[in-house]
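Peer 1: Per the numbering used here, residue 17 is the first one in the sequence shown, and the count goes up by one each step.
Cβ coordinates follow ideal geometry from the N, Cα and C atoms, glycine included.
I have a structure here, written as structure tokens, and I will follow up with some questions on it.
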Amino acid sequence: MHPYERYSSGPSNGRQQNDSSYSDVSPEPTLRYRGHQKITGRQPRNRTRVDHSPSSRALSANSEGESGGNSSISPRPRPGRRNRRPLMKIIDWRGQICRFLNIELESTDEFVLESLYDASEKLEEAERLAAEKLEPQDLTPEYQEIHRVRCASDRDRHTYLYLEEPFVVNSGPRNAHLRGSKAIHNFELHLERNKSISFIAYKDYRCCDASPSAQRMSGNPEPSALMIGESVSIISPDLAAALNDIAKKALARIPHPNFLDIGNEFSSPYLWWFCGRKKILEAERAIDMHYQKHTSVFKTYLHNRLGATWSTVDSLLSKGKISSQYIEYLFVPNTIVLKPNNKTIGLHRAYLANSWLNITRKDWAQTSGRARPNGRIGFVNGISWAFNGTFQKTASELSIDWLPSMTDPFNISDLMIYPIKFAENGLKNTLRARGEMFWKCRWRNYVSYSEDSTSGIQRTSDSRFMIDYATYRQMHPSESKNQYISSDDDLNPDLMSQEDPPLNDDFWLCLPTTIPGFNMNKKEWTNLDVSRITPVQWNTEAFESLVVDKETKELINALVTNQIDAEKGTDLMSGKGNGLFILLHGGPGTGKTLTAESVAEVAKKPLYRVTCGDIGTKAEDYLEVVLLLGKTWGCVVLLDEADVFLEQRKISDLQRNALVSVFLRVLEYYDGILILTSNRVGLFDEAFKSRIQLTLRYKKLEKPQRKQIWDNFISRLEEFESSPQTHGPQRKPSMHSGVDLGIDSEVRQKLSDLADAELNGREIRNAISTARQLAMFRKEKMGYEHLLVVINEAKKFTGYLEELSGGLTSDDMMKAEWTR
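Pasting the structure below:
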């Protein structure tokens with residue numbers, strides 16, 4: 017005899033008390049399958065036994081043939097058959113019966129007889145059911161709880177069903193074996209006799225388990241401690257149809273079971289109902305009243321089993337909190353989840369969840385305190401968008417490796433991932449704006465980028481970057497090789513071409529957080545935080561503030577405007593360039609570079625500045641790259657200190673001659689705006705004169721010009737001090753520099769005195785910057801005294817240089833050498 021049992025359930029009606037489909041006392045192991053499969057293990061009922069063994073059949077034959085063994089008594093012959101031999105055909109009735117009952121021929125007589133009784137009962141039941149079908153019935157829907165027990169020590173892996181909760185007995189390898197009463201032996205027959213059942217609520221148990229969690233149970237555990245799950249199986253087609261109709265209206269974006277698959281089970285805690293309750297109740301009112309009877313029973317079950325739990329979860333969520341046992345209620349498919357970045361909000365990554373929380377460890381709930389178990393607790397499958405010239409969907413597993421607490425409720429925002437609706441106010445709008453900015457950068461885009469600064473010193477403008485992913489891939493072929501494979505998940509090309517596509521937050525929030533950009537100052541590619549990118553604010557007033565003659569400004573403005581309007585040149589040769597080439601020459605600090613920068617602002621074009629230090633040893637190759645990028649991006653190219661390209665060719669220096677020749681040829685066919693600066697114009701090659709359209713000389717600054725430059729810098733600094741960002745987080749005091757307290761009003765009154773010092777424009781800017789830092793160190797406003805200290809130190813150095821040169825200034829020496 018097997019020591020363990022099978023199957024169980026909850027409420028039952030009066031008719032079930034006399035059903036032969038279950039027994040009040042749990043029998044020895046009984047297994048009954050659907051259809052006509054093998055039936056084993058049933059015990060005979062208390063009926064008259066009939067011996068059908070071979071010895072019994074032989075004895076019966078002898079009794080009939082020999083009449084008790086007396087040879088003097090012979091059977092009386094029948095009339096007409098005196099000379100005919102009797103028909104000797106024997107029918108194996110036992111074999112025929114076994115085949116009819118679909119049981120083994122070797123079965124015992126008791127089992128064969130028992131099987132006959134069962135078959136007879138089934139026939140009677142079938143006749144009764146057939147009669148019931150002819151009579152109209154109006155059954156009230158109900159549900160039934162069935163307790164389903166699986167024993168780990170059962171080698172045959174039988175499942176036992178009970179109508180009542182099982183109980184623990186000191187048996188089995190763990191002394192915690194489950195047995196029960198009111199066992200269901202024939203599930204199909206049970207359903208036939210209880211047609212009012214709309215669905216079955218299964219409670220699953222597992223006993224005699226050798227798992228670590230089971231071994232931790234001490235003493236005699238309660239049956240609930242051995243419960244491993246709960247699920248529902250739909251029995252009534254009416255309930256299936258009702259839930260299917262509701263799902264079409266209320267659960268369009270929430271994954272849910274296939275309700276039309278009768279008999280399919282779906283597990284507690286029925287998150288699809290919890291997350292869609294409001295819409296479900298609205299949709300239920302629109303279905304047929306007959307269907308509502310079934311859904312009402314289902315709602316009653318949910319309320320009885322999970323009503324208290326759901327109320328607790330609702331209360332926690334309303335406070336922005338959750339506890340470990342309810343963590344799976346947080347994540348709903350087709351909603352946005354957030355993976356925060358501890359460094360900056362701009363790098364928070366958003367994903368579209370496309371699964372419920374997958375719990376990977378069942379024993380993590382045993383941990384107390386701050387839970388950091390070995391291995392992750394669970395994960396959510398997420399979808400985001402990647403960009404490689406086109407937008408593609410990418411799948412990720414978003415892990416939860418620890419919980420803030422295993423015992424107490426905690427803030428949802430403390431999790432490694434959490435729904436975005438629990439994020440701080442305004443974050444969703446920030447991420448949406450970030451996504452919209454990324455969209456603007458899908459093609460070529462010239463942008464400003466706010467660097468991360470904590471002091472605010474010399475922070476008068478943001479850096480400029482060119483975002484051009486196509487060019488980036490061309491310049492980095494190794495990174496993009498085999499990186500992109502077209503798929504159906506790519507964004508439609510028609511949408512890519514639209515400036516304002518009809519896309520929702522599933523797209524905008526889930527775009528990448530960074531994008532490659534080319535730093536126009538450092539001449540290098542770097543990954544940019546998209547949240548720091550802003551449109552370029554062109555400083556058109558910079559050109560007006562140039563300290564040059566009015567006629568010179570007008571001439572520059574006219575040439576630049578005509579170039580922007582793409583007017584054709586006067587050269588009749590086809591294929592030649594229509595570029596604008598301007599040469600600015602003069603001493604350092606006279607405004608040459610500032611003029612080039614102002615031209616770029618007026619033209620609203622990127623400024624690509626190149627100095628001798630950028631060129632390196634392979635000047636020809638570098639120059640070709642610069643002019644190619646300048647043409648591709650429509651830049652104003654500034655060759656600062658361009659003497660290396662412009663110096664007169666000599667027979668003794670073939671390498672320099674080749675470089676000058678290449679530069680001359682490039683100028684011949686370049687279409688953009690090219691500005692060259694030099695303070696050694698006396699050494700220029702003659703060939704450049706015909707190729708340069710405008711040459712401007714910058715003389716040494718006089719006092720009125722110096723006063724205007726002082727005024728311009730002070731005004732710009734005052735504007736910077738009054739801007740909102742100046743008082744933002746970036747103006748936090750550093751350990752050594754202190755806080756910038758602004759500018760003393762006395763400075764403006766001393767502009768004339770400041771202009772007496774013979775400083776060039778660059779020296780004036782450096783003096784203001786140094787004086788500002790000195791004032792911050794002293795924790796004072798920047799005043800005339802701070803500027804005077806810096807100017808006096810500069811005069812000392814200038815005087816020393818003049819002393820070394822015999823009293824000659826740098827301009828005097830350059831003129832003496834015929835280079836300026």
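#1: Closer than 7 Å by C-beta to residue 817: which residues in its own chain qualify, once you throw out the five before and the five after it? Chain order, please.
#2: In the DSSP assignment, find the unbroken alpha helix (DSSP H) run with residue 725 in it and report its ends.
#3: Rounding to the nearest angstrom, what Cα-Cα distance links residue 302 and residue 289 in this structure?
#4: Between the alpha carbons of residue 653 and residue 333, how many angstroms are there, rounded?
#5: Closer than 7 Å by C-beta to residue 820: which residues in its own chain qualify, once you throw out the five before and the five after it? Chain order, please.
#6: In angstroms with no decimal places, state the Cα-to-Cα distance between residue 278 and residue 441.
#7: If you scan the stretch 594-672 from start to end, which runs of the beta strand (DSSP E) of 3 or more residues do you find wholly inside it?
#8: Can you have a look at residue 509 and say buried or exposed, based on whether 16 or more other CB atoms are within 10 angstroms of its CB?
#9: Does DSSP classify residue 275 as helix, strand or coil?
#10: Let me check understanding here. Comparing Cα to Cα, which of 245, 300, 299 lies closest to residue 282?
#11: When we look at the beta-carbon of residue 196 and count the other beta-carbons within 10 Å, is it buried (16 or more) or exposed?
#12: Can you list, in chain order, the residues of its chain whose CB lies under 8 Å from that of residue 266, leaving out five sequence neighbours each side?
#13: What residue from 636, 541, 507, 810 has the CA that sits closest to residue 482's CA?
#14: To the nearest angstrom, report how far apart residue 800 and residue 778 are at their CA atoms.
#15: With 16 as the cutoff for other CB atoms within 10 Å, does residue 791 come out buried or exposed?
#16: Under the assumption that residue 250 contacts residue 215 (Cβ atoms under 8 Å), give the Cβ distance between them as a whole number of angstroms.
#17: Pull up the distance between the alpha-carbon of residue 316 and that of residue 262, whole angstroms please.
#18: Name the residue from 449, 712, 459 whose alpha carbon lies nearest to the alpha carbon of residue 571.
#19: Sort 719, 683, 306, 650 by Cα distance to residue 597 and report the nearest one.
#20: Note down, in chain order, each residue of its chain lying with its Cβ closer than 7 Å to the Cβ of residue 617, except the 5 sequence neighbours on either side.
#21: Just curious, the beta strand (DSSP E) that residue 709 is in, first and last residue?
#22: Let me check understanding here. Comparing Cα to Cα, which of 349, 694, 222 lies closest to residue 655?
#23: Does DSSP put residue 517 in a helix, a strand or coil?
#24: Strictly by DSSP, which residues pair up with residue 163?
#25: Comparing C-alpha positions only, which one of 241, 346, 213, 108 sits nearest to residue 374?
#26: Looking at the structure shown, is residue 125 part of a helix, part of a strand, or coil, going by DSSP?
#27: For residue 364, name the three-state secondary structure that DSSP assigns.
#28: Given this structure, state the Cα-to-Cα distance separating residue 163 from residue 247, to the nearest angstrom.
#29: For the putative contact between residue 353 and residue 414, defined by C-beta atoms under 8 Å, what is the C-beta separation to the nearest angstrom?
#30: Could you give the distance in angstroms between the alpha-carbon of residue 403 and the alpha-carbon of residue 527?
#31: In chain order, what residues of the same chain lie with their CB nearer than 6 Å to the CB of residue 260, ignoring the 5 residues before and after it?
#32: Compare the C-alpha of residue 418 against each of 772, 452, 720, 339 and name the closest.
#33: Put residue 453 into one of helix, strand or coil per three-state DSSP.
#34: Taking residue 595 and residue 733 to be in contact with their CB atoms under 8 Å, please state how far apart those CB atoms are, rounded to whole angstroms.
#35: To which residues of the same chain is residue 619 closer than 8 Å at the C-beta, ignoring the five residues directly before and after it?
#36: Would you kindly work out how many angstroms separate the C-alpha atoms of residue 730 and residue 479, rounded to a whole number?
Peer 2: Taking the definition as stated:
#1: As a position in the sequence shown, residue 817 is number 801, starting the count at 1. So the list is empty, once near-sequence residues are dropped.
#2: On the sequence shown, residue 725 is found 709 positions in, with the first residue counted as 1. In the DSSP assignment, residue 725 falls within the alpha helix (DSSP H) that extends over 719-738.
#3: As a first step, residue 302 is located in the sequence shown; it is residue number 286 there, counting from the start. As a first step, residue 289 is located in the sequence shown; it is residue number 273 there, counting from the start. Taking C-alpha positions only, residue 302 is separated from residue 289 by approximately 17 Å.
#4: Here residue 653 corresponds to residue number 637 of the sequence shown, with the count starting at 1. Here residue 333 corresponds to residue number 317 of the sequence shown, with the count starting at 1. Spanning the two alpha carbons is a distance of roughly 58 Å.
#5: What you label residue 820 is simply residue 804 of the sequence shown in a count that begins at 1. There are no such residues.
#6: Residue numbering aside, residue 278 sits at position 262 when the sequence shown is read from its first letter. Residue numbering aside, residue 441 sits at position 425 when the sequence shown is read from its first letter. When rounded, the distance between both Cα atoms is 45 Å.
#7: Qualifying beta strand (DSSP E) stretches, in chain order: 596-602, 623-626, 652-655.
#8: Stepping through the sequence shown from its first residue, residue 509 is reached at position 493. By the 10 Å Cβ count, residue 509 comes out exposed.
#9: Residue numbering aside, residue 275 sits at position 259 when the sequence shown is read from its first letter. Of the three classes helix, strand and coil, the one that applies to residue 275 here is coil, per DSSP.
#10: Mapped onto the sequence shown, residue 282 falls at position 266. Nearest to residue 282 by alpha-carbon distance, out of 245, 300, 299, is 245.
#11: The residue labelled residue 196 in the question sits at position 180 within the sequence shown. In the assembly as shown, residue 196 is a buried residue. Its beta-carbon has 16 or more other beta-carbons within 10 Å.
#12: Walking along the sequence shown from the start, residue 266 turns up at place 250. Once the five neighbours on either side are set aside, the close Cβ partners of residue 266 are 292, 295, 296, 298, 299.
#13: To locate residue 482, count along the sequence shown from 1; it is residue 466. It is 541.
#14: Here the question's residue 800 lines up with position 784 in the sequence shown. Here the question's residue 778 lines up with position 762 in the sequence shown. Their Cα atoms are separated by approximately 19 Å.
#15: As a first step, residue 791 is located in the sequence shown; it is residue number 775 there, counting from the start. The residue is buried, with at least 16 neighbouring Cβ atoms inside 10 Å.
#16: Start at 1 with the first residue of the sequence shown, and residue 250 comes out as number 234. Start at 1 with the first residue of the sequence shown, and residue 215 comes out as number 199. Contact holds; Cβ gap of about 5 Å.
#17: Translated into positions along the sequence shown, residue 316 becomes position 300. Translated into positions along the sequence shown, residue 262 becomes position 246. Approximately 17 Å between the Cα atoms of the pair.
#18: Translated into the one-based positions of the sequence shown, residue 571 becomes position 555. For residue 571, the closest alpha carbon among the candidates 449, 712, 459 is that of 712.
#19: Here residue 597 corresponds to residue number 581 of the sequence shown, with the count starting at 1. Selected option, being the one with the closest Cα: 683.
#20: Residue numbering aside, residue 617 sits at position 601 when the sequence shown is read from its first letter. Closer than 7 Å at Cβ, skipping near neighbours: 554, 555, 556, 558, 559.
#21: Position 693 of the sequence shown, counting from 1, holds the residue named residue 709. Looking at the DSSP string, residue 709 is not in any beta strand (DSSP E), and its letter there is neither H nor E.
#22: Numbered from its first residue, the sequence shown carries residue 655 at position 639. If we check each option's Cα against that of residue 655, 694 comes out closest.
#23: Counting from one through the sequence shown, the residue named residue 517 turns up at place 501. For residue 517, the secondary structure class from DSSP, reduced to helix, strand or coil, is coil.
#24: Indexing the sequence shown from 1 puts residue 163 at position 147. Looking at the DSSP assignment, residue 163 forms a beta bridge with 178, 219.
#25: Taking the first residue of the sequence shown as 1, we reach residue 374 at position 358. Comparing Cα positions, the closest option is 346.
#26: Translated into positions along the sequence shown, residue 125 becomes position 109. Three-state result, residue 125: helix.
#27: Against the sequence shown, residue 364 aligns to sequence position 348. In this structure, residue 364 counts as coil in the three-state DSSP scheme.
#28: Residue mapping note: residue 163 aligns to position 147 of the sequence shown, counting from 1. Residue mapping note: residue 247 aligns to position 231 of the sequence shown, counting from 1. Whole-angstrom Cα-Cα distance: 11 Å.
#29: Here residue 353 refers to the residue found at position 337 when the sequence shown is read from its first residue. Here residue 414 refers to the residue found at position 398 when the sequence shown is read from its first residue. Going by Cβ atoms, the distance from residue 353 to residue 414 rounds to 7 Å, so yes, they are a contact pair.
#30: Locating residue 403 in the sequence shown gives position 387, counting from the first residue. Locating residue 527 in the sequence shown gives position 511, counting from the first residue. Rounded to whole angstroms, residue 403 and residue 527 show a C-alpha spacing of 8 Å.
#31: The residue labelled residue 260 in the question sits at position 244 within the sequence shown. Contacts found: 275, 276.
#32: The sequence position of residue 418 within the sequence shown is 402, counting from 1. Across the set 772, 452, 720, 339, the C-alpha of 339 shows the shortest separation from the C-alpha of residue 418.
#33: One-based indexing of the sequence shown puts residue 453 at position 437. If DSSP states are grouped into helix, strand and coil, residue 453 belongs with the helices.
#34: Your numbering for residue 595 matches position 579 in the sequence shown. Your numbering for residue 733 matches position 717 in the sequence shown. Not really, about 36 Å apart at Cβ, beyond 8 Å.
#35: Along the sequence shown, read from residue 1 onward, the residue named residue 619 stands at position 603. Excluding residues within five positions, the ones whose Cβ falls inside 8 Å are 576, 579, 580, 652, 689.
#36: Position 714 of the sequence shown, counting from 1, holds the residue named residue 730. Position 463 of the sequence shown, counting from 1, holds the residue named residue 479. For residue 730 and residue 479, the gap between their C-alpha atoms comes out near 21 Å.
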